[in-house]
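Protein chains in written order, with numbering that gives the first Met the number 0: chain L, 0 to 420; chain W, 0 to 481.
Virtual Cβ for every residue (Gly too), placed ideally from N, Cα, C.
As the structure is a prediction and not an experimental result, all values here were calculated from the model.
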Amino acid sequence: MSTATAIDPKANLLPLLEGSTWPNATEALALAHTLPVPSTRTEAWKYTRVAKLFNQPYAAPKGDATVTLPARLPFDTTRVVFVNGHFRADLSDDLKADKGIVIDSLKQHLAHGPVKAHYGQVAPIGDRLFTAMNTAAPTDGLIILATKGTKTSKPLHVLHITTDGGQLIQPRDLFMLHEGAEVEVIIEHIGTDASSSLVNGIRESVIGEGANLTIHLLQIEANGPVHIGLDGVTIGTKGRFSIDTTTLNGSLVRNEVNVALAGPEAHAELNGVYVLNGTTHCDNHTYIGHDVPDCTSDELYKGIIAEKGTGVFNGKVYVKQDAQRTRAYQSNANILQGDDARIFTKPELEIYADDVKCSHGCTIGRLDEKGLFYLRSRGVSEAEARKMLSHAFMTDVLERITNEEWRKHLASLIDAKLETL
Amino acid sequence: MAQDTDDILREVTEKEYAYGFVTDIESEKAAKGLNEDIVRFISAKKNEPEWMLEWRLEAYRIWLKMEEPHWAHVHYPKIDYQNAYYYSAPKKKPQLNSLDEADPELVKTFEKLGISLEEQKRLVGVAVDVVFDSVSVKTTFQAALKEKGIIFCSFSEAVHNHPDLIKKYLGSVVPRTDNYFAALNSAVFSDGSFCYIPPGVRCPMELSTYFRINEAMTGQFERTLLIADEGAYVSYLEGCTAPIRDEHQLHAAVVELVALKDAEIKYSTVQNWYPGDKEGKGGIYNFVTKRGICLGDRSKISWTQVETGSAITWKYPSCVLKGDYSTGEFYSVAVTNNRQQADTGTKMVHIGKGTKSTIVSKGISAGLSNNSYRGLVKIGKGAKGARNFSQCDSLLLGDRCGAHTFPYIESENPTAMVEHEATTSKIGEDQIFYLNQRGIETEKAVSLIVNGYCKEVLNQLPMEFAVEAQKLLAVSLEGSVG
Chain L
0 MSTATAIDPK
10 ANLLPLLEGS
20 TWPNATEALA
30 LAHTLPVPST
40 RTEAWKYTRV
50 AKLFNQPYAA
60 PKGDATVTLP
70 ARLPFDTTRV
80 VFVNGHFRAD
90 LSDDLKADKG
100 IVIDSLKQHL
110 AHGPVKAHYG
120 QVAPIGDRLF
130 TAMNTAAPTD
140 GLIILATKGT
150 KTSKPLHVLH
160 ITTDGGQLIQ
170 PRDLFMLHEG
180 AEVEVIIEHI
190 GTDASSSLVN
200 GIRESVIGEG
210 ANLTIHLLQI
220 EANGPVHIGL
230 DGVTIGTKGR
240 FSIDTTTLNG
250 SLVRNEVNVA
260 LAGPEAHAEL
270 NGVYVLNGTT
280 HCDNHTYIGH
290 DVPDCTSDEL
300 YKGIIAEKGT
310 GVFNGKVYVK
320 QDAQRTRAYQ
330 SNANILQGDD
340 ARIFTKPELE
350 IYADDVKCSH
360 GCTIGRLDEK
370 GLFYLRSRGV
380 SEAEARKMLS
390 HAFMTDVLER
400 ITNEEWRKHL
410 ASLIDAKLET
420 L
Chain W
0 MAQDTDDILR
10 EVTEKEYAYG
20 FVTDIESEKA
30 AKGLNEDIVR
40 FISAKKNEPE
50 WMLEWRLEAY
60 RIWLKMEEPH
70 WAHVHYPKID
80 YQNAYYYSAP
90 KKKPQLNSLD
100 EADPELVKTF
110 EKLGISLEEQ
120 KRLVGVAVDV
130 VFDSVSVKTT
140 FQAALKEKGI
150 IFCSFSEAVH
160 NHPDLIKKYL
170 GSVVPRTDNY
180 FAALNSAVFS
190 DGSFCYIPPG
200 VRCPMELSTY
210 FRINEAMTGQ
220 FERTLLIADE
230 GAYVSYLEGC
240 TAPIRDEHQL
250 HAAVVELVAL
260 KDAEIKYSTV
270 QNWYPGDKEG
280 KGGIYNFVTK
290 RGICLGDRSK
300 ISWTQVETGS
310 AITWKYPSCV
320 LKGDYSTGEF
330 YSVAVTNNRQ
340 QADTGTKMVH
350 IGKGTKSTIV
360 SKGISAGLSN
370 NSYRGLVKIG
380 KGAKGARNFS
390 QCDSLLLGDR
400 CGAHTFPYIE
410 SENPTAMVEH
420 EATTSKIGED
430 QIFYLNQRGI
440 ETEKAVSLIV
450 NGYCKEVLNQ
460 LPMEFAVEAQ
470 KLLAVSLEGS
480 VG
């Protein structure tokens, strides 16, 4: 086999990324040309195949598509709408209501100091092809800049709508929270009949001293696009980051969360729920770096996998030398239903400090037969009993979500999903 | 008290290898380097039949096409495979009936190790197949075993006397293509042990091999094949110590276990090879492939290991659970100190219905060492009702060492149950304080805690072996910590 005659599998896709004026775009494109497409031999992509994504043509995303917006959430939020990755001021609410907080299209702020200082720093390219691709030509994204001591008066509700197939959409968000700021964001992806599109997103978050960022991520996309997402987060002294990722439908979903606990007493909380059926493939990939002493992290991912669904969980906790008094907990629990459901999980610990308390746990099983029997013997139908137990299984993840209204909304969506299993 | 702890930790870190010595026995070596001629030379030395030579040559060709794996969490300078001897044998092969006839140097060696053959024979009733460097020097209790129809001999003897069994099972569990080091071993293996337990026989004693790497710059390539026929039971002990050497020594052994219907194999290892000095100079590279297959229904394979030695350990004793309702077990204590690196764990591959596996791994890191658990639990589509439980704990002694866990868990059957738990921590100040309070000095306290921590694994060892294991743990940690 000669490499000279081998055709680069990215040849279809990369020309689409040329000519971007975003920072570092040229260097990123050059890197995208050299970096290989991850294969099952690439440790980080061992269970998620992406080669086929490069076998089809893509078009640039259509920003002006007409869309019908879904009903608003049952509680008060500030809505921000992106259509095929493009910011749509015409569909969004007034984003200037909160004083001291900039909420806007990132594209408009690329020349600003704070953006220049942080853009591309939290999610460096390294050997990641998808990061290089995104950096080479981001579509657009959301900027949140919360100045010292500010707080969002109500959660932001960011809607990402994908309207058609065959598009390559590369959202790029940058969230910056100054000292003591508090921001809560709900990010929802909606896409139907867009299964041949690829959404390759990156979100960088910089959390300052004592600041608090909460992200709720919701993915329900029947026939939706392929999702490759990366959250790069760095947390300063006494800062707090919390993310809950809920995946209820989709084709191929990859959620990578990469957290650096960079200041003492920083805390990260990662929660995840996935209920998969059909042929949905969901890969949750997390990395928590305890870089300095006295930080804590807590991770809980739970999933039910039915029909031909595939669940992947890879969580890594890395404790640097001298990151003493680290407390890190990680847990992944799975229920398999259906003969073709599969789960691959790999909870990792890599520890170079001694005064630490770290643990991880992982379980795979089915619904408790005794519990089912107990309910059946009290006249509950089997289907109902299964639903009750499944609901109970998810409860401890949901209970960690502090926003009560969002939790209720999520619980109803999960219950509706469980009905279909 | 903090001072005490520091002193103790310094002692652990600075503890010298107590078993370092070189036995002066004349030996015969092949030329340095590796090529087809060396493979032929080794085969000729052993008077091997043509088919065995062909098997080796094929392995050598496979090896040439492979690349050395580097995914393990260990770092070492590049190995020059052409700068090592691939064969060395004691020149005079003594045929002995009693220990008195043995080379006094050899007897002295065993005395230093505290495993006098005499004592073992008398007290324990263990048959010892002594592999000294590469050739079996002495096999005891042959007669007693023969009576039961048990074959326990050196691998080279088995090639001559039981070619049918060798042909049938050699490479059936660890094929030549399995990995780089297994291919290398298949090409140049020097000798090893072979054991066959006939149907329905319960081996009356624990079978044991003590082997040592003795010749400077000699890679040792052991090959062990153990077959338990239907309904048979055997407990096999493997224990090793090696003398101090400056050159890194490569050890790439292959162990294959086959358990047929209703058979049970218990394989216990205590490994205390030279780990290198404080600076990480010298020490053994231990790149071992160990795998057992539960071929028949209701068969069982149990691995127990106490790993205290070697500069680098790369070892994953595994079980392929093919027979329905078969069981695999893995119990491990791995201790690393100074600059030692260990990447060890197991693979449990569930194929048959109702298969069960248990993994208990206890890692202890001290000094500047790195200790990793890497394991795979794979539940195949047909493994209905399979069950796994894994517990991997790490204990850190000192703030410059590392403890890592890399478990891979894959399930494709909805009726299977898999549980994995891992914790990493240091010995709690409160635990030591509690014991101090009751008049137990810090050193003893640490010792108690470490012993308690490892107990679950040590309990799995045959009694007489557990004593030795504790002694080895003591050398690595006690006198210093535990």
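Amino acids of chain W, ordered along the chain, whose beta-carbon sits closer than 8 Å to that of residue i
| i | result |
| --- | --- |
| Arg-341/L | Glu-409, Ser-410, Glu-411 |
| Ser-358/L | Glu-420, Ala-421, Thr-422, Thr-423 |
| Lys-345/L | Phe-405, Pro-406, Tyr-407, Ile-408 |
Residue i vs residue j beta-carbon contact at 8 Å
| i | j | result |
| --- | --- | --- |
| Ala-421/W | Cys-391/W | yes |
| Glu-496/W | Ala-262/W | This structure leaves residue 496/W out entirely; chain W is present only between 0 and 481. |
| Asn-248/L | Gly-271/L | no |
| Val-225/L | Leu-197/L | yes |
| Val-417/W | Val-376/W | yes |
| Val-287/W | Lys-314/W | yes |
| Tyr-168/W | Val-257/W | yes |
| Tyr-483/W | Lys-28/W | Limits of chain W in this structure are 0 at one end and 481 at the other, which puts residue 483/W out of reach. |
| Ala-259/L | Ala-210/L | no |
| Asp-230/L | Val-256/L | yes |
| Gly-327/W | Cys-293/W | yes |
| Thr-149/L | Gly-99/L | yes |
| Val-66/L | Thr-162/L | yes |
| Lys-383/W | Asn-336/W | no |
Within chain W, the residues that residue i reaches when beta carbons sit closer than 7 Å
| i | result |
| --- | --- |
| Arg-365/L | Pro-413, Thr-414 |
Identity of the residues DSSP links to residue i by a beta bridge
| i | result |
| --- | --- |
| Phe-86/L | Phe-81/L |
| Val-274/L | Ile-303/L |
| Met-387/L | Note: Met-387/L sits in no beta bridge, so no partner. |
| Ile-149/W | None, per the DSSP bridge assignment. |
| Ile-168/L | Val-198/L |
| Arg-290/W | Glu-255/W, Ser-317/W |
| His-250/W | Gln-219/W, Asn-285/W |
Residue i, DSSP secondary structure in three states
| i | result |
| --- | --- |
| Asn-331/L | strand |
| Leu-256/W | strand |
| Glu-446/L | Outside the shown range of chain L, which is 0 to 420, sits residue 446/L, and nothing can be said about it. |
| Met-347/W | strand |
| Leu-197/L | strand |
| Ala-131/L | helix |
| Tyr-168/W | helix |
| Gln-339/W | coil |
| Glu-418/L | helix |
| Glu-220/L | coil |
| Phe-188/W | coil |
| Met-393/L | helix |
| Gly-230/W | coil |
| Asp-339/L | coil |
| Gly-119/L | coil |
| Gln-469/W | helix |
| Cys-391/W | strand |
| Phe-180/W | helix |
| Ala-10/L | coil |
| Cys-361/L | strand |
| Gly-163/W | Contrary to the premise, residue 163/W reads as Asp rather than Gly in this sequence. Note: Asp-163/W maps to helix in three-state DSSP. |
Within chain L, partners of residue i - CB distance below 8 Å
| i | result |
| --- | --- |
| Ser-402/W | It is worth fixing the name first, because residue 402/W is Ala in this sequence and not Ser. Going along chain L in sequence order, the residues near Ala-402/W (Cβ under 8 Å) are Leu-348, Ile-350. |
Beta-carbon neighbours of residue i, restricted to chain B and to distances below 8 Å
| i | result |
| --- | --- |
| Gly-397/W | As a matter of chain content, chain B is missing from the structure shown, whose protein chains are L and W. |
Within chain W, the residues that residue i reaches when beta carbons sit closer than 9 Å
| i | result |
| --- | --- |
| Gly-337/L | Pro-413 |
| Cys-294/L | Per Cβ cutoff of 9 Å: no residues; Cys-294/L is ~15 Å from chain W at best. |
| Cys-361/L | Ser-389, Pro-406, Ile-408, Val-417, Glu-418, His-419, Glu-420, Ala-421 |
Note to self: Does the structure place the stretch 412-428 of chain W close enough to the stretch 345-356 of chain L that three or more beta carbon pairs sit under 8 Å?
What the structure shows: Yes, since at least three Cβ pairs between the stretch 345-356 of chain L and the stretch 412-428 of chain W fall closer than 8 Å, the two stretches touch.
query = Would you call the stretch 59-72 of chain W and the stretch 165-181 of chain W in contact, with 3 or more CB pairs under 8 Å?
reply = Two segments are said to touch when three or more pairs of C-beta atoms, one from each, lie closer than 8 Å; by this definition the stretch 59-72 of chain W touches the stretch 165-181 of chain W.
Q: Examine the Cβ distances between the stretch 82-96 of chain L and the stretch 109-121 of chain L and report whether three or more of them are shorter than 8 Å.
A: As far as the Cβ criterion goes, the stretch 82-96 of chain L does not touch the stretch 109-121 of chain L, which means the pair count is below three.
- Given 8 Å, three or more beta-carbon pairs between the stretch 44-57 of chain L and the stretch 16-35 of chain L: A contact is defined here as three or more CB-CB pairs under 8 Å, and the stretch 44-57 of chain L fails this definition with respect to the stretch 16-35 of chain L.
Handout entry: Three CB pairs or more closer than 8 Å across the stretch 301-313 of chain L and the stretch 263-278 of chain L
Key = Result yes; three or more Cβ-Cβ pairs closer than 8 Å.
Report task. Take every Cβ of the stretch 211-221 of chain L, pair it with every Cβ of the stretch 394-414 of chain L, and state whether three or more of those distances are shorter than 8 Å. Result -> Yes: the two stretches touch, three or more of their Cβ pairs being nearer than 8 Å.
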